[in-house]
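Participant: Structure incoming, see below.
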Amino acid sequence: MTEFDVETVFAVALKAVKDAGEIIKEAFYKKKAVVTKSCDVDLVTETDQAVEKMLISRIKENFPNHMFIGEESVAAGEKCDLTDEPTWIVDPVDGTMNFVHSFPHSCISLAVLYRKDIHVGIIYNPTLEQMYTAKLGQGAFLNGKPIRVSEETELGKSLVIAEFGTNRDPQKMESVLKNITALMNKVHGLRAMGSAALNMSSVASGGSDCYFEYGIHVWDIAAGTLIVREAGGVCIDTEGGPLDLMSRRMICASSEKLALQIIPLLTQLKLERD
Ligand code: IPD
Ligand code: CA
Ligand code: CA
Ligand code: CA
């Protein structure tokens, strides 16, 4: 088994994410060359690829034995193999649609797992210079200051994020609309801002109270899961059981009490695993 020193890994990860953030900043307000993937709204740009390439080369330089799962390196339909080895899970640009439109709500999301536990989570919105970080058992931070989830436990007073996602499968779209309809009059406000990782950062820092989505991938939620939990919140399966990072669905909230008020209102969806 490869050795794992969380402080060294965190330091390398933080520097790599900051440096990669410069690539996003440089490109942010320029016109982007966009390529579509599974459908017209599933996008990738040169920046997604350049950020992922930089992160891979930093990992290889510093930790040649570590494993890597990155959104733009996984072929369509390919299964991710999560082992007990140190594994870096990267979404180079989470919120590519926002990035393409220069809507300043996209980020780099990076998690490092060891023996399948998330030990490091980093989410960086370079445009707004917001760096969310967490190490297992050591709390969650925004730009170095501790963050905490909200104390809201009542659904009627909660700001809830319900994303649409990029999957245009009719069954998926129908369930998204059903969930929005079911929640609309029961919550204080509903939002969809187009970045799974920043949604989780917002729950972690008390800016919203809950976020759920069907269709997400492990690279969308791995870093955010640690950050939300270290900030005092919960990340669980949309039916209420323990979260399986590969199951493509998740609900996170400031408390289990709040998540359990939303779960019975949801139309459940099972997706092909990562
Ligand atoms: C997407 C964003 C979006 C979420 C999708 C993700 P990408 O990630 O996080 O908010 O609804 O499910 O795929 O493609 O911009 O990295
Ligand atoms: Ca994508
Ligand atoms: Ca993503
Ligand atoms: Ca992405």
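To convert a position in the sequence shown, counted from 1, into the working numbering, add 43.
No residue lacks a Cβ here, since even glycine has one placed at the ideal position from N, Cα and C.
Quick one: which unbroken beta strand (DSSP E) runs of 3-plus residues sit fully inside the segment 67 to 99? Chain order, please.
Facilitator: 77 to 79, 86 to 88
Participant: Buried or exposed for proline 189, please, with buried defined as at least 16 other CB atoms from any protein chain shown within 10 angstroms of its CB.
Facilitator: Burial state of proline 189 is exposed, judged by a 10 Å Cβ sphere holding fewer than 16 other Cβ atoms.
Participant: On the DSSP bridge assignment, give the partners of cysteine 150 in chain order.
Facilitator: Looking at the DSSP output, cysteine 150 bridges to Asp137.
Participant: For a quick check, are the C-beta atoms of glycine 182 and glutamate 273 less than 8 Å apart?
Facilitator: yes
Participant: DSSP on arginine 158, reduced to helix/strand/coil?
Facilitator: If DSSP states are grouped into helix, strand and coil, arginine 158 belongs with coil.
Participant: Should the segment 125 to 135 be called in touch with the segment 87 to 106, which here means at least 3 C-beta pairs below 8 Å?
Facilitator: yes
Participant: The beta strand (DSSP E) with leucine 185 in it runs from where to where?
Facilitator: For leucine 185, the enclosing beta strand (DSSP E) starts and ends at 183 to 185.
Participant: Taking only runs of the beta strand (DSSP E) that begin and end inside the segment 250 to 287, which ones reach a length of at least 3 residues, in chain order?
Facilitator: 253 to 257, 277 to 279
Participant: Within the present structure, is the beta-carbon of alanine 239 separated from the nearest heavy atom of ligand 3 by less than 7 Å?
Facilitator: yes
Participant: Should glutamate 253 be labelled buried (16 or more other beta-carbon atoms within 10 Å of its own) or exposed?
Facilitator: Reading off the sequence, residue 253 comes out as cysteine, not glutamate. Label assigned to cysteine 253: buried.
Participant: With a threshold of 7 Å, establish whether the CB of aspartate 48 neighbours any heavy atom of ligand 2.
Facilitator: Taking the Cβ of aspartate 48 as the reference point, every heavy atom of ligand 2 lies at 7 Å or farther away.
Participant: Any chance the CB of valine 136 is under 7 Å from a heavy atom of ligand 5?
Facilitator: Inclusion of ligand 5 in the displayed structure is not the case, the ligand content consisting of ligand 1, ligand 2, ligand 3 and ligand 4 alone.
Participant: Can you tell which of Leu185, Ala265, Val143, Ile166 has the C-alpha that lies nearest to the C-alpha of valine 77?
Facilitator: Out of Leu185, Ala265, Val143, Ile166, Val143 has the C-alpha closest to the C-alpha of valine 77.
Participant: With DSSP collapsed to three states, give me the class of phenylalanine 207.
Facilitator: coil
Participant: Look at the Cβ atom of glycine 267, then the Cβ atom of alanine 240, and state whether they are nearer than 8 Å.
Facilitator: yes
Participant: Which same chain residues end up closer than 8 Å to tryptophan 271 when comparing Cβ atoms and leaving out the 5 residues on each side of it in sequence?
Facilitator: The identity of residue 271 in the sequence shown is valine, whereas the question assumes tryptophan. Closer than 8 Å at the Cβ level, and outside the excluded window around valine 271, lie Ala183, Val192, Met243, Val246, Ala247, Val277, Cys278, Cys295.
Participant: Is the distance from the Cβ of serine 59 to the Cβ of leucine 86 below 8 Å?
Facilitator: Going by the sequence as given, residue 59 is alanine instead of serine. Against a cut-off of 8 Å, the Cβ pair of leucine 86 and alanine 59 comes out as no contact.
Participant: Touch check for the segment 282 to 300 and the segment 164 to 182: three-plus C-beta pairs under 8 Å?
Facilitator: no
Participant: Pull up the distance between the alpha-carbon of isoleucine 66 and that of threonine 88, whole angstroms please.
Facilitator: 12 Å
Participant: For glycine 304, count the other beta carbons within 10 Å of its own beta carbon; 16 or more makes it buried, fewer makes it exposed. Which is it?
Facilitator: Reading off the sequence shown, one finds glutamine at residue 304, where the question assumed glycine. By the 10 Å Cβ count, glutamine 304 comes out buried.
Participant: Cβ of threonine 310 within 8 Å of Cβ of serine 218?
Facilitator: yes
Participant: DSSP state of phenylalanine 111, grouped into three classes?
Facilitator: Looking at phenylalanine 111 - three-state DSSP - the assignment turns out to be strand.
Participant: So which residues touch the region around ligand 2, with touch meaning a C-beta under 7 Å from any heavy atom?
Facilitator: Lys80, Asp85, Leu86, Val87, Glu114, Thr139, Thr209
Participant: When you compare each of Tyr72, Ser298, Gly283 to leucine 171 by their alpha carbons, which one comes out closest?
Facilitator: Tyr72
Participant: Among Ser152, Glu128, Met227, Met216, whose alpha-carbon lies nearest the alpha-carbon of histidine 260?
Facilitator: Ser152
Participant: Relative to ligand 3, is the shortest distance from any of its heavy atoms to the C-beta of tryptophan 131 smaller than 7 Å?
Facilitator: no
Participant: Starting from leucine 321 and walking both ways along the alpha helix (DSSP H), at which residues does that stretch end?
Facilitator: It is not possible to answer for residue 321, since the shown part of the chain is limited to 44 through 317.
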